[in-house]
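Have a look at the structure below, then the notes.
There are 2 protein chains.
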Amino acid sequence: MCHLHTFKDIINKTILNSENKNKALELNPNVSVDCVIFGFDFDQLHCLLIDSGLSKSTGRSRLAVPGDLIYDNETLDEAANRVLKELTGIDNIYLEQVGAFGDPNRMGKESDKEWLKSMRAEPDARVITVAYFSLVKMNDFNPEASSFAESAGWAPIKEIDELAFDHYEILQCALKQLKRKIKIQPIGFNLLPQKFTLSQLHKLYESILNKPLDKRNFRRKILNLQILTPLNEKQIGVPHKPSQLFEFNEENYQKLSSEGFDNFGF
Amino acid sequence: MCHLHTFKDIINKTILNSENKNKALELNPNVSVDCVIFGFDFDQLHCLLIDSGLSKSTGRSRLAVPGDLIYDNETLDEAANRVLKELTGIDNIYLEQVGAFGDPNRMGKESDKEWLKSMRAEPDARVITVAYFSLVKMNDFNPEASSFAESAGWAPIKEIDELAFDHYEILQCALKQLKRKIKIQPIGFNLLPQKFTLSQLHKLYESILNKPLDKRNFRRKILNLQILTPLNEKQIGVPHKPSQLFEFNEENYQKLSSEGFDNFGF
DNA sequence: CCAAAAGTGTTGAAGTTACACCCATGC
DNA sequence: GCATGGGTGTAACTTCAACACTTTTGG
């Protein structure tokens, strides 16, 4: 799995951040946001997780989805964007709300309580969290090179089987929503670099939908939508026939979606 | 439109309700649930609204979707069910979360503030609301005959153009989700009596999707799903050829959905 | 007998699936 | 020259949309 070893409290970091110092008193103790951040390495779908360090009670490491309590003067979307910006340094990340999770016992595990005590002013408060999923170009955030080198990392979705709090459930809901959405809107482009090949896009769809898709049919469907612009460029340095590169054509997509398109038909 | 005249504070009613007296101190000031309740009268889709009475500042009546702050020891789903039960007296209503709405200014209109002051212990608290939509058989709740005779009523969806707080936006989101969902799961049966005709179901789909559907194609598709049981009964007393009555067949539906059906294809 | 809604089949068009071989490159 | 992934077309099948007339009842 990914390399996540020691614990850094990104929430404290936030509060101490000078820009936010005047907001610190307005943290709402009852509402948080959690962001499931997806990334794609041309092979598998990944999720960005943070590490709480070893739990004293279980001796095991607790991984979680990044999140924070909200400030009373920001919207939920703003709070989610803030969490993303603080962790990855990236603005304008694709973001979509998944829903609210509010089981009173969602933070009830012993190892979770330890963690909460170390990072929350009111660790016993009832917290409802609003979950988001976001899509980032994986190269835009390399945890190894950031200040979160040891507390955040990309984990392949398939290898995640347990998370802190109710985050495993949240991840599954986010994944379900991504699967649904990818079929009716070309949001997958947010996971790829600006220039990409049809094979990369193909693989991305297979990874998200978790099933093989026929190569020729996939290409035909995507190209028929006319939302890809072929570039006068090919892959270089690959040990096989170099592939045509494409760009996502936002203009055509806007035209298409205003005409009422809503289905890729996979 | 529907008949909604005077104001009754269903929230106060809740707090004073003996069963809940011991919970009253645990009302969470920052999180509420709001329920968009849909009903169908065989002609149009309706929504159950409550009336705040006339606003002093605008002189206009403010209609809203029913809702309440949550208790710290209940889940969000439980809170939504509580609101539904208190208003309609019905248990086991079909319920689905729409999402969280948390703009800090969502309760900012003057006329809304008046109302809040009359019903909330902390009228100025930042409140995030979790919206739900629910489907009820319209005959199961007749506001005229209930204790909410004058403060709650069914309004045709098409005639609603303004609501208190951000409830109009919430209604539109709920409606969008209902449209999406009705195409892939037969939840429409929750809006009809146990015995119904294909024409009624047809009209229901047209009302929700807000477009005409071909009669023959509709019947074929629905019948092909084999989730309807034809009864040995017909309509009586109608001034035209009486229609065959059907029941929803839950057993077949379960079988079908476990086999992975997910599309009505409208 | 008239008005009103129920009920019923076919056809052409569109879309979907399944499938196999040659091509360009680096080594 | 060989291994690797890139790129291409067609035929069978399924699904969908469009469309008009006869039937049964109450009044």
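Line by line, the protein sequences are chains Z and V. Counted from 1, the first sequence has number 180 at position 180 by our numbering; the numbering is strictly sequential. Counted from 1, the second sequence has number 1233 at position 233 by our numbering; the numbering is strictly sequential. Virtual Cβ for every residue (Gly too), placed ideally from N, Cα, C.
Would residue i count as contacting chain V if we go by Cβ distances under 8 Å?
i	result
Pro66(Z)	no
Thr75(Z)	yes
Pro212(Z)	no
Asn249(Z)	no
Arg82(Z)	no
Spatial neighbours of residue i within its chain, please: C-beta separation below 6 Å, excluding the five flanking residues on both sides.
i	result
Gln235(Z)	Pro242 and Ser243
Leu49(Z)	Leu63 and Ala155
Ile157(Z)	Leu45 and Cys47
Ala164(Z)	Arg62, Ala64 and Asp112
Thr1088(V)	Phe1141
Pro1090(V)	It is Ile, not Pro, that sits at residue 1090(V) in the sequence shown. Excluding positions up to five away in sequence, the list reads Asp1140.
Gln226(Z)	Asn252
Can you tell me which residues form a DSSP beta bridge with residue i?
i	result
Glu144(Z)	In the DSSP output, where bridge partners are listed per residue, Glu144(Z) has none listed.
Met132(Z)	Sequence inspection shows Tyr at residue 132(Z); the Met mentioned does not correspond to that position. For Tyr132(Z), which the question treats as bridged, DSSP gives the partners Cys35(Z) and Gln97(Z).
Asp51(Z)	Leu63(Z)
Lys1234(V)	Gln1244(V)
His1046(V)	Gly1039(V) and Pro1156(V)
Leu1027(V)	Tyr1071(V)
Thr229(Z)	Glu247(Z)
Go ahead and pull the three-state DSSP assignment for residue i.
i	result
Leu163(Z)	coil
Asn224(Z)	helix
Ser1207(V)	helix
Gln1194(V)	coil
Thr88(Z)	helix
Gly188(Z)	helix
Asp72(Z)	coil
Arg106(Z)	coil
Gln1244(V)	strand
Ser1151(V)	coil
Lys1113(V)	helix
Asn1252(V)	helix
Leu213(Z)	coil
Ser57(Z)	coil
Val127(Z)	coil
Arg1180(V)	helix
Phe218(Z)	helix
Glu259(Z)	coil
Glu122(Z)	coil
Beta-carbon within less than 8 Å of residue i's beta-carbon, same chain only, minus the 5 sequence neighbours each way: which residues are those?
i	result
Ile128(Z)	Asn30, Val31, Ser32, Ala100, Phe101 and Gly102
Tyr1205(V)	Ile1182, Gly1188, Leu1213, Phe1218 and Phe1266
Pro193(Z)	Lys137 and Asn139
Thr1305(V)	As displayed, chain V neither begins before 1001 nor continues past 1266, which places residue 1305(V) out of reach and without an answer.
Ala121(Z)	Leu27 and Pro29
Tyr168(Z)	Ile160, Asp161 and Glu162
Ser965(V)	Because chain V is modelled from 1001 through 1266, residue 965(V) falls outside the range shown and cannot be assessed.
Does residue i have its Cβ less than 8 Å from a Cβ in chain Z?
i	result
Phe1097(V)	Looking at the sequence shown, residue 1097(V) is not Phe but Gln. It does: the Cβ of Gln1097(V) has a partner Cβ on chain Z nearer than 8 Å.
Ile1128(V)	yes
Asp1043(V)	no
Val1031(V)	yes
Asp1072(V)	yes
Asn1252(V)	no
Asn1028(V)	yes
For residue i, I'd like the list of residues in its chain whose CB is within less than 7 Å of its CB, leaving aside the five on either flank, ordered along the chain.
i	result
Pro230(Z)	Gln244 and Phe246
Phe42(Z)	Gln200 and Lys203
Arg126(Z)	Asn30 and Pro104
Lys179(Z)	Ile208 and Leu209
Asp72(Z)	Glu26 and Asn28
Ile70(Z)	Asn28, Val31, Ser32, Val33, Leu76 and Ala79
Lys1021(V)	Low per-residue confidence applies at Lys1021(V): pLDDT is 45, beneath 50, and the placement is therefore not dependable enough to give any value.
Original post:
Looking at chain V, which residues of the segment 216-245 of chain Z have a Cβ within less than 7 Å of any of its Cβ atoms?
Top reply: Taking 7 Å as the cut-off between beta carbons, none of the residues of the segment 216-245 of chain Z comes near chain V.
Subject >> the segment 1099-1123 of chain V: positions lying closer than 7 Å to chain Z by Cβ >> reply: Under the 7 Å Cβ criterion, the segment 1099-1123 of chain V contributes Gly1099, Ala1100, Gly1102, Asp1103 and Pro1104.
**OP:** Quick one: which residues of the segment 152-167 of chain Z get their C-beta closer than 9 Å to a C-beta of chain V? List them in chain order.
**Re:** none
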